[in-house]
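Residue numbers (this note's numbering), protein chains in the order written: chain A, 132 to 601; chain B, 454 to 715.
What follows is a short report on a single structure.
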Ligand SMILES: Nc1ncnc2c1ncn2[C@@H]1O[C@H](COP(=O)(O)OP(=O)(O)OP(=O)(O)O)[C@@H](O)[C@H]1O
Ligand SMILES: [Mg+2]
């Protein structure tokens with residue numbers, strides 16, 4: 132199969148689909164064993180306790196069966212023996228773009244990262260294959276005590292903080308892929324925001340897979356101390372190869388009392404990437420966690436950002452969109468657990484399927500018996516663009532306290548010929564008209580993004596609508 | 454300067470009507486709805502079409518605009534000497550055809566301001582959709598139609614009242630300055646002031662220019678304001694009678710039955 136005979140080649144050009152020659156300094160053989168896990172830990176000079184967690188997680192991964200939801204036949208196609216679990220492309224993390232190796236810097240320049248950093252970000256982290264190659268944070272934030280490091284540096288510089296929180300939100304035994312991530316994790320972000328500090332502009336992480344059959348397993352830990360706030364944004368792309376890559380991240384958020392964490396993702400992996408991610412946060416008293424989650428790319432995504440509302444008066448929001456084109460399955464949703472009284476949550480899920488793509492919303496909201504006066508609101512909308520495409524919803528609500536107020540709405544719609552004709556009569560081609568309808572459908576999501584991302588997403592969707600009309 | 458003189462001379466020299474419909478037969482799924490329509494609209498002229506429910510008025514408007522569901526079996530639709538039939542509706546729009554819809558469609562999430570700018574850009578060109586000149590034109594048009602500024606951030610036709618939708622159609626017409634404006638029952642659902650402001654908008658857009666308009670209506674009120682050059686009566690897919698504005702008054706008094714007898 133040719134590289135660009137890929138599904139998305141037929142839909143529109145995948146902008147980020149080029150690849151650089153692979154110049155790795157350390158590359159592991161394909162396949163996974165306890166030795167590989169220990170070797171990764173040794174290479175990174177990790178403390179003993181981390182090596183032990185990795186090995187325990189590896190053992191769990193081996194015996195843990197595959198999930199029985201999502202897309203089981205696609206999951207069965209993953210060949211764990213044909214994946215490279217660790218690949219080092221640069222000797223160390225740099226904090227000046229000029230020091231980053233040319234080919235890697237070029238990649239990020241093509242993706243517009245250094246430019247965005249200058250204009251409107253508080254900090255940037257760029258991960259290439261397994262490790263973070265560039266990292267920087269604005270000086271004023273550093274002076275206020277904000278820690279923003281790649282996870283490996285976080286572990287070596289702040290081992291006590293990492294030890295305290297690592298696996299506290301997502302235990303390695305949570306699911307097969309959280310176990311895998313814990314065993315072989317590398318890269319990701321470590322953030323600590325001190326009490327009362329507000330990081331006004333977003334910090335961004337960018338993940339890029341370049342090599343074939345690569346596994347990327349970044350690990351992110353964000354701790355917002357009392358009354359602080361932060362907005363973290365992540366983006367990701369990969370070249371389009373004919374063989375699959377695996378991205379399996381774990382993200383843990385800890386929102387201490389009165390703090391606010393917003394975590395925004397625009398996932399635009401190429402359509403040969405499995406994206407199996409566990410994202411979960413714990414919100415303490417009066418804290419607020421928001422997941423803003425956009426899934427445009429990948430072959431199969433299984434991701435259900437979760438919030439545990441542990442403290443009274445805490446609030447959770449999960450706003451997500453998913454686009455599934457030919458050969459793609461987006462199995463996305465949200466999980467929220469109301470453990471304390473007066474907690475509120477809101478889920479808005481929007482999915483579009485086209486050219487035989489499949490979108491599923493899988494949601495779970497629970498209210499524990501002790502949690503009084505909780506408010507839950509779930510809205511899921513699906514837009515199906517053609518006959519062969521599919522959309523399913525699997526909403527679950529388990530409410531064990533009668534004082535809870537629950538609202539649930541779901542809709543499935545199609546683009547009508549009359550809507551298209553109306554827009555076309557205003558001078559817009561059929562593709563442009565379709566893009567207007569699609570972007571309109573995503574608007575409640577897009578307006579939550581920083582302007583630059585909103586524009587990017589709209590362009591991305593316009594590109595997806597190109598060449599789609601026969 | 455006498456602006457009216459130029460189009461008159463042009464018209465006389467070229468002898469080209471703005472719009473010519475020739476023996477048009479069209480329908481849907483094999484059912485013929487339009488059964489041989491002939492119509493000529495000259496530059497600067499406003500024509501009206503009246504007719505019973507289901508007689509084919511909206512179908513005619515859709516065929517002029519290029520609705521993909523309708524098939525043309527025979528005849529032609531010609532704008533300034535050029536047949537429209539092979540063109541997609543967006544190409545027709547860029548040639549200057551505008552349709553004010555009987556039932557404008559809602560597009561949730563598409564902001565009015567954004568939509569207007571994009572539409573002006575694709576029909577009039579990028580330059581006209583930019584800068585202070587565009588904003589000023591937009592502000593003036595909105596004021597003249599009594600559309601509040603808050604509409605700019607609302608979604609296209611989403612939750613608009615019946616009359617608001619119609620005003621919004623005319624706002625688009627004013628910004629797009631079409632060569633041919635087809636207004637399909639724009640007056641239905643408008644209040645009395647609305648009919649007057651819309652009529653003023655149509656007069657300003659057509660009279661004294663080389664553009665033209667085709668107004669589809671059931672009522673003579675709008676025609677009192679715009680004073681059409683011709684009124685045509687459509688019955689079962691054919692134009693059965695044409696005349697001056699007095700025909701509209703007569704129809705309103707006597708209905709359509711008498712035309713059938715003749
Ligand atoms: N999409 C369609 N599918 C099937 N039949 C249609 C369609 N559109 C129009 N028709 C039929 O064609 C005929 C003419 O309809 P049209 O909408 O043109 O009437 P009209 O003159 O505009 O009526 P009104 O005054 O009620 O708006 C009607 O019998 C209608 O049912
Ligand atoms: Mg009609």
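Built from N, CA and C at the ideal position, the CB exists for glycine as well.
Next item on the list: Given a cut-off of 9 Å, decide if residue 337/A and residue 242/A are closer than it, judged by their beta-carbon atoms.
Entry: yes
Check: Among the residues of its own chain, which have a CB less than 6 Å from the CB of residue 232/A, if the five just before and after it don't count?
Finding: Cβ neighbours of residue 232/A beyond the five flanking positions: 221.
Check: Excluding sequence positions up to five away, which residues of its chain have a Cβ less than 6 Å from the Cβ of residue 340/A?
Finding: Around residue 340/A: 347, 369, 376.
Notebook entry, point to check: Residues of chain B with CB under 8 Å from residue 575/A, in chain order?
Noted result: 562
Checklist line | Cβ neighbours of residue 479/A in the same chain (closer than 7 Å, five flanking residues each side left out) | finding: Hits under 7 Å: 450, 510, 575.
Check: Run through DSSP, which three-state label would residue 338/A get?
Finding: Here residue 338/A sits in strand by DSSP.
Check: On the three-pair Cβ rule with 8 Å, is the stretch 437-457 of chain A touching the stretch 483-492 of chain A?
Finding: yes
Notebook entry, point to check: Is DSSP giving residue 520/B helix, strand or coil here?
Noted result: coil
Checklist line | Interface residues of chain A facing residue 552/B [CB-CB closer than 7 Å] | finding: Chain-order list of chain A residues neighbouring residue 552/B: 556, by C-beta distance under 7 Å.
Check: Can you give the Cα-Cα distance for residue 292/A and residue 322/A, rounded to whole angstroms?
Finding: 10 Å
Checklist line | Cα-Cα separation, residue 659/B to residue 552/B | finding: 14 Å
Next item on the list: Kindly say whether residue 545/B, judged by its beta-carbon, lies nearer than 9 Å to any beta-carbon of chain A.
Entry: yes
Margin query: So if DSSP puts residue 575/A in a beta bridge, which residue, or which two residues, is it bridged to?
Written below: According to DSSP, which records beta bridges pairwise, residue 575/A is partnered with nothing at all.
Next item on the list: Determine the chain B residues that contact residue 157/A at a beta-carbon separation under 9 Å, and present them in chain order.
Entry: Residues of chain B passing the Cβ test: none, with the nearest at roughly 47 Å.
Checklist line | For residue 521/A and residue 489/A, the rounded distance between their alpha carbons | finding: 5 Å
Next item on the list: Specify the secondary structure class of residue 479/B as computed by DSSP and reduced to three states.
Entry: strand
Notebook entry, point to check: DSSP on residue 601/A, reduced to helix/strand/coil?
Noted result: Unreliable positioning characterises residue 601/A in this predicted model, as indicated by a pLDDT of 42, which lies under 50. The coordinate reading is nonetheless provided below. In this structure, residue 601/A counts as coil in the three-state DSSP scheme.
Next item on the list: Could you confirm whether any beta carbon from chain A is found closer than 9 Å to the beta carbon of residue 671/B?
Entry: no
Check: Within the chosen definition, does the stretch 358-368 of chain A reach the stretch 381-394 of chain A through at least 3 CB pairs nearer than 8 Å?
Finding: yes
Checklist line | Terminal residues of the beta strand (DSSP E) in which residue 433/A lies | finding: 431-434
Notebook entry, point to check: Hey, does residue 575/B have any beta-carbon neighbour from chain A nearer than 9 Å?
Noted result: yes
Next item on the list: State yes or no: is the C-beta of residue 511/B nearer than 8 Å to some heavy atom of ligand 2?
Entry: Result yes, Cβ under 8 Å from ligand 2.
Next item on the list: Tell me whether residue 669/B counts as near ligand 2, meaning its Cβ is closer than 8 Å to at least one heavy atom of that ligand.
Entry: yes
Notebook entry, point to check: Relative to the C-alpha of residue 503/A, which residue among 303/A, 294/A, 440/A is closest?
Noted result: 440/A
Notebook entry, point to check: Taking the DSSP output, what are the residues bridged to residue 422/A?
Noted result: 394/A, 449/A
Next item on the list: Less than 8 Å between the CB atoms is what I'm expecting for residue 261/A and residue 318/A, so what's the real figure, rounded?
Entry: Contact flag correct, Cβ pair sits at about 6 Å.
Check: What residue range is occupied by the uninterrupted beta strand (DSSP E) comprising residue 666/B?
Finding: 665-669
Next item on the list: Could you spell out where the alpha helix (DSSP H) holding residue 562/B opens and where it closes?
Entry: It is not in any alpha helix (DSSP H) - residue 562/B carries neither H nor E in the DSSP assignment.
Item checked: Neighbour-count burial assignment, residue 521/B, 16 or more Cβ in a 10 Å radius -> exposed
Note to self: For the structure I just gave you, are there three or more beta carbon pairs, one from the stretch 530-550 of chain A and one from the stretch 531-542 of chain B, closer than 8 Å?
What the structure shows: No, the stretch 530-550 of chain A does not touch the stretch 531-542 of chain B.
Item checked: Inter-residue spacing [alpha-carbon to alpha-carbon] between residue 422/A and residue 234/A -> When rounded, the distance between both Cα atoms is 33 Å.
Notebook entry, point to check: For the stretch 532-578 of chain A, which segments carrying the alpha helix (DSSP H) assignment without a break, of at least 4 residues, lie completely within its bounds, in sequence order?
Noted result: 548-555, 561-577
Notebook entry, point to check: Does ligand 2 have a heavy atom nearer than 8 Å to the CB of residue 638/B?
Noted result: yes
Checklist line | Residue-chain proximity (residue 718/B, chain A), Cβ-Cβ < 9 Å | finding: Any property of residue 718/B remains undetermined from this structure, which presents chain B solely from 454 to 715.
Next item on the list: State yes or no: is the C-beta of residue 468/A within less than 9 Å of the C-beta of residue 304/A?
Entry: no
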